[in-house]
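Chains as they are written, first to last, in this note's numbering: chain L, 329 to 510; chain R, 30 to 643.
From the three backbone atoms N, C-alpha and C, an ideal C-beta is built for every residue, glycine too.
Small disclaimer: the values here were computed from a predicted structure and weren't measured.
Some notes on the structure that comes next.
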């Protein structure tokens, strides 16, 4: 039974956890990533630092960090205010607030096999628009971009065909439309 | 492509590095050494006193200090002492406290005080020396990763690698430490940077490019708050340390607004003095050891105005039973404090004084008024709670009751020129309950972190800022030993602090919890092998007094006040006295234990679930 007020941490029953993409614009200074990441002691968070220049200020470099979190609305709001009070943070924008964020991830994946499995891997890669960036007579390295679930699916398909190794970048996200974060 | 990415992530060039808009900075550049820049920046920031301890990595700064006359340095005996002195100095003046320590152990010894200042929102700039730039990362003598270690315990920190950035970074450090929710800032300066020659720039009008906390609240929200408050029948003001940090005007406005609305006022440990303890609407402190009337009023109110407090777990007790029927208004300068622990109905982000100024004006202009019949009814209920007289205790002719000792201390020393610091434990709670504060900035205590050893150095810092004031450290015999070495500092600088030790030969609060939670098994909480505090005081060159007879208590306190120089008073008090009232862990505000509760009730008071809490 929920009380009229209580801790944010007790409220999962009324706020469905949702996935949120937050763009954080920070000063490009040493240690800034550690400051931002230090806030995320909770599990289940991913981050993706991206170099970025603020339009109109060509000499002053800032970096853009994309934070992917899952949590109820009020926990996501707490994360935003906590990020915003860090001194080198310029702006915190919830890209999923309006439901219009674009997200992409890049993955390099190594598959090893001969004969039919090798041909099948190449065919599937073609269907997924993955590029071959390295090949030997018994292996491929594919480069593939897309939404995280597309990449997940590709990994599932490659597993029985001789999956060796995966390197993923994490998500880069941006809002649709003409407006920028700055 | 990869090379280009890397280039974009490279550290900024000198011109880009400092975050202050160069246009806003006074560009009449002068050239001097890094060490001279430090001194000059402190002077330009209006710093009169710094607390520090020299060492290899800050020798150039100490050399520059040697040649400076209008910046007074207080030599401490341990770096932790320096940080607490700066805290006491800051808390009692509203200014920024400044600390200067060396690399390695100097910096790590300062960590406790930095964390303490972060938890209690105390403005502090801590300058640390560092090994020369080319040795960083080589495990050099007295090297530690100061910015790495202090990142989670400061509001912000800097490692300055270029002497031309130093002046701007220092000015920015003061800006960050004092603006918004105040906090500690560390500036780590390698020794070669202190020797190098570079450009000095003055503070100018700093417009920080990313950190600009808002002072004025959203007027629409303030109107909403006023309407909500005007609709109340059972209002309460819950004020905190944010009122003190906002400055004297904020305290005046709390008083004015309380007077206008007729609402009762309670406060957190950190907010004592914002509303006078002698005021007609004062309910006393709230929370775990708060008064019966304050906690019951918080539980039963219908509109709560939280001013500069943060719904700490020592305040709320059991969260899902915290003030269940009330609408809540929260004023705080830190947006992340709002809706953090408790969901509020109206959150106003802004400085307390700015927001209250607006709130009072709107209240007056709209001729708002709380329904007098409802309010009268509310006060009748509050009066019935007050009639329980929850701070009453059974006094004794044989042993000195600690509550009695604090009450007599208050009666014999009260006045606007009296400042009180405490260590942490039972004596701290008794001081909060029985010493009554009518003005802000008179009460210095370690609230958030709960640092034993805080009180004596804090008192030294307060006395430095207020040389003619009566500064008393209410201490326990265990806490006082944690930073006793600062007595030597008090002697050196002729700072007549008075140390009032409530000696019950136990870490009292630990013993109390062991009695309540662990079947009276007093594991390692007895203060064995105590020093003779009178001889200890004399060894340092201070005066030592001792009292154990209640009849001699008053005379001893008078003697303490009259004796010039530092005085240590060893007050032998009842060993087994517990601190009441108390909300046991895991219980709600209306489930308090009062002093008359028998042993039986105490043992049953805390559930198994509550025992797991702290």
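Going along chain L in order, which residues have a C-beta closer than 8 Å to the C-beta of residue 365 of chain R?
-> Here the neighbours are 406, 409, 410, 412 and 413.
Between the C-alpha atoms of residue 622 of chain R and residue 270 of chain R, what's the straight-line distance to the nearest angstrom?
-> The alpha-carbon atoms of residue 622 of chain R and residue 270 of chain R are separated by roughly 26 Å.
Where does the unbroken beta strand (DSSP E) through residue 347 of chain L begin, and where does it stop?
-> Per DSSP, the unbroken beta strand (DSSP E) holding residue 347 of chain L starts and ends at 346-355.
Between residue 119 of chain R and residue 153 of chain R, is the Cβ-Cβ spacing less than 8 Å?
-> In this structure, residue 119 of chain R places its C-beta atom within 8 Å of the C-beta atom of residue 153 of chain R.
Buried or exposed: residue 395 of chain R, going by 16 or more other Cβ atoms within 10 Å of its Cβ?
-> Exposed, because fewer than 16 other Cβ atoms sit within 10 Å of the Cβ of residue 395 of chain R.
Alpha-carbon spacing of residue 505 of chain L relative to residue 425 of chain L, whole angstroms = When rounded, the distance between both Cα atoms is 14 Å.
Would you kindly report the start and end of the unbroken beta strand (DSSP E) that includes residue 117 of chain R?
-> In the DSSP assignment, residue 117 of chain R falls outside any beta strand (DSSP E) and lies within the alpha helix (DSSP H) extending over 108-122.
Helix, strand or coil for residue 75 of chain R, going by three-state DSSP, please let me know.
-> Residue 75 of chain R falls in the coil class under three-state DSSP.
Which residue comes first and which comes last in the alpha helix (DSSP H) that contains residue 588 of chain R?
-> 582-591 is the extent of the alpha helix (DSSP H) around residue 588 of chain R.
Name the chain R residues whose beta carbon is nearer than 7 Å to that of residue 417 of chain L?
-> By Cβ distance, chain R contributes 239.
Residue 251 of chain R and residue 391 of chain R closer than 8 Å at C-beta = Less than 8 Å separates the beta-carbon of residue 251 of chain R from that of residue 391 of chain R.
Alpha carbon to alpha carbon, how far is residue 377 of chain L from residue 434 of chain L?
-> The predicted position of residue 377 of chain L is uncertain, since its pLDDT is 48 and thus under 50; a value taken from the coordinates is nonetheless stated next. Between residue 377 of chain L and residue 434 of chain L, the C-alpha separation is close to 13 Å.
Going by DSSP, which residues form a beta bridge with residue 429 of chain L?
-> Answer is L:503, bridged to residue 429 of chain L.
Let me know if residue 442 of chain L comes out buried or exposed under the rule of 16 or more other beta-carbons within 10 Å of its beta-carbon.
-> Around the C-beta of residue 442 of chain L, fewer than 16 other C-beta atoms lie within 10 Å, and the residue is accordingly described as exposed.
Please report how far the alpha carbon of residue 224 of chain R lies from the alpha carbon of residue 66 of chain R, in whole angstroms.
-> If I take the Cα positions, the gap works out to 10 Å.
Output yes or no for whether 8 Å exceeds the beta carbon distance between residue 81 of chain R and residue 140 of chain R.
-> Taking 8 Å as the Cβ cut-off, residue 81 of chain R and residue 140 of chain R do not qualify as a contacting pair.
How would you label residue 104 of chain R, buried or exposed, when you count the other beta carbons within 10 angstroms and need 16 or more for buried?
-> Exposed, since its Cβ has fewer than 16 Cβ neighbours within 10 Å.
Return the chain-ordered ranges of every beta strand (DSSP E) run that is complete within the region 452-503 of chain L and spans a minimum of 3 residues.
-> Unbroken beta strand (DSSP E) runs of no fewer than 3 residues, entirely contained in the region 452-503 of chain L, are found at 459-464, 467-474 and 491-503, following chain order.
In terms of residue numbering, what span does the alpha helix (DSSP H) encompassing residue 411 of chain R cover?
-> Annotation: the continuous alpha helix (DSSP H) that includes residue 411 of chain R extends over 401-415.
DSSP beta-bridge partners of residue 499 of chain R | Beta-bridge annotation (DSSP): residue 499 of chain R is paired with R:447.
What residues are listed by DSSP as bridge partners for residue 340 of chain R?
-> DSSP lists no partner for residue 340 of chain R.
What is the DSSP secondary structure of residue 313 of chain R, reduced to helix, strand or coil?
-> The answer is strand: DSSP assigns residue 313 of chain R an E or B state.
Same chain only: Cβ atoms within 6 Å of residue 481 of chain L, ignoring 5 sequence neighbours per side = Apart from the 5 residues on each side of it in sequence, residue 481 of chain L has no Cβ closer than 6 Å to any other Cβ in its chain.
Give a yes or no on whether 8 Å exceeds the smallest Cβ distance from residue 432 of chain L to chain R.
-> So no, residue 432 of chain L is outside the interface.
In angstroms with no decimal places, state the Cα-to-Cα distance between residue 74 of chain R and residue 257 of chain R.
-> Whole-angstrom Cα-Cα distance: 42 Å.
Could you give the DSSP three-state label for residue 622 of chain R: helix, strand or coil?
-> Residue 622 of chain R: strand per DSSP, three-state reduction.
For residue 368 of chain R, decide whether its Cβ has a neighbour in chain L, counting only Cβ atoms nearer than 8 Å.
-> Interface residue (Cβ-Cβ distance to chain L less than 8 Å): residue 368 of chain R is classified as such.
If you follow the alpha helix (DSSP H) that residue 462 of chain R is part of, which residue opens it and which one closes it?
-> Run containing residue 462 of chain R: 455-463, per the alpha helix (DSSP H) assignment.
Is residue 82 of chain R helix, strand or coil when you go by DSSP?
-> Three-state result, residue 82 of chain R: coil.
Contacts of residue 362 of chain L in chain R (Cβ-Cβ under 7 Å) = Ordered by position in chain R, the residues that pass the 7 Å Cβ test against residue 362 of chain L are 180.
Just the C-alpha distance for residue 156 of chain R and residue 127 of chain R, rounded to the nearest angstrom, thanks.
-> Each residue's Cα considered, the two are about 8 Å apart.
Hey, does residue 366 of chain L have any beta-carbon neighbour from chain R nearer than 8 Å?
-> At a cut-off of 8 Å between beta carbons, residue 366 of chain L contacts chain R.
What residues of chain R sit near residue 402 of chain L, judged by a beta carbon separation below 7 Å?
-> The answer, in chain order, is 368.
Quick one: is residue 618 of chain R near chain L, going by C-beta distance under 8 Å?
-> With respect to chain L, the C-beta atom of residue 618 of chain R has no partner C-beta closer than 8 Å.
Could you spell out where the beta strand (DSSP E) holding residue 437 of chain R opens and where it closes?
-> Taken as a continuous stretch (DSSP letters only), residue 437 of chain R belongs to no beta strand (DSSP E), being part of the alpha helix (DSSP H) at 431-442.
Anything in the region 185-214 of chain R with a Cβ closer than 7 Å to a Cβ of chain L? List those residues in chain order, please.
-> Here the close residues are 185 and 205.
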